Structure formats: C-alpha cells, structure tokens
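Undergrad:
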Amino acid sequence: MVKESQWFYFGKNKVMAVALGRCIDEDHRENLHRVSERLRGQCGLFFTNAPKEKVLT
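Here's what the structure looks like:
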C-alpha cells in the first residue's frame with residue numbers, strides 16, 4: 245500500500261512556471277508545461293497521489 249501524500253504550492257506564477265517547465269523542452273514531466281501556460285492571477289497548485297474520488301469528497 246502506498247502512503248498518500250499531498251502538497252500545496254503557492255508563489256509567483258513566473259517562478260512556478262520555471263519550476264514546472266515553460267515549454268515542452270523544459271518539461272520536468274510529460275505535458276507539465278501545459279499547467280504553467282495556464283497560471284494567471286492568484287493561484288496555487290495542489291499535487292497528490294490520492295485517488296480522484298477521495299480528493300473530491
């Protein structure tokens with residue numbers, strides 16, 4: 245059984261975009277640059293390995 249983990253990240257959008265990868269060549273994981281393209285205004289990122297059903301309840 246895998247232990248569930250969750251992370252919240254808050255910070256400047258440009259810094260988070262660099263950390264995620266700003267383009268396909270800089271991706272740290274496949275398609276992660278698509279998240280950085282959508283960072284606008286005040287936002288935070290939530291990452292988890294928990295199943296979707298558990299997170300949404």
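Residue numbers (this note's numbering): 245 to 301.
Virtual Cβ for every residue (Gly too), placed ideally from N, Cα, C.
Note that the structure is predicted; figures quoted are calculated from it, not measured.
Helix, strand or coil: which one does DSSP assign to LEU300?
TA: helix
Undergrad: Within the present structure, is the beta-carbon of GLU281 separated from the nearest heavy atom of the ligand ADP by less than 8 Å?
TA: By its list of ligands, the structure shown contains no ligand whatsoever, and the ligand ADP lies outside what it can speak to.
Undergrad: For the region 256-274 and the region 290-297, state whether three or more C-beta atom pairs, one from each stretch, are separated by less than 8 Å.
TA: no
Undergrad: Measuring only the C-alpha atoms, how far is LEU280 from LYS247?
TA: With the sequence shown as reference, residue 280 is identified as Ser, and Leu is not the correct amino acid for it. Each residue's alpha carbon lies about 27 Å from the other.
Undergrad: Quick one: grab the DSSP three-state call for LEU264.
TA: helix
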